[in-house]
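Each residue of the sequence shown is one higher than the one before, counting from 1 in the working numbering.
Read through the structure below, which is laid out as structure tokens, and then see the notes.
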Amino acid sequence: SISIDYGVMEKAENVYVHTGDFGWSDMGTWGSLYQYYPKDDEANACSSEAVMFDTSGCLLSLPKDKLAVVNGLKDFIVVDTPDVLMICPRSNEPIIKTFINEIRFRKGDKHI
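So, in structure tokens, the structure goes:
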């Protein structure tokens with residue numbers, strides 16, 4: 001596959017550049033989503049509704065209509081998809097790809 005930069009833009013003669021002064025954030029990590037989501041008073045970031053007790057510094061990514069009740073977590077990532085529930089310390093984010101590879105090895109691509 002050829003990138004758009006190389007395949008189209010480098011060969012085009014009718015291309016103009018204009019300075020854009022706007023924010024940019026690569027949303028390719030759970031940490032970047034944590035930075036993006038608004039946080040409650042305990043620094044919890046949640047994509048849906050949640051009731052949290054004694055919980056701080058967590059990122060919850062849940063289906064739109066799902067309510068989560070969370071107690072006693074500190075600095076965790078909780079991701080709920082139709083096929084997989086992942087609960088992982090935020091400090092382990094760099095090894096999540098390892099988890100995905102292990103799931104693929106053990107269970108195939110169904111849950112990836």
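Quick reminder that beta carbons are idealized off the backbone N, C-alpha and C, glycines included.
This structure is a prediction, so every number in the text was calculated from the model and none was measured.
Is it true that the CB of Val-70 sits closer than 8 Å to the CB of Thr-81? no
Taking just the CA atoms, how far does Tyr-36 sit from Met-9? 31 Å
Indicate the three-state DSSP secondary structure (helix, strand or coil) for Glu-13 in the structure shown. coil
Starting from Glu-102 and walking both ways along the alpha helix (DSSP H), at which residues does that stretch end? 96-107
At the level of alpha carbons, what is the spacing between Thr-98 and Val-78? 17 Å
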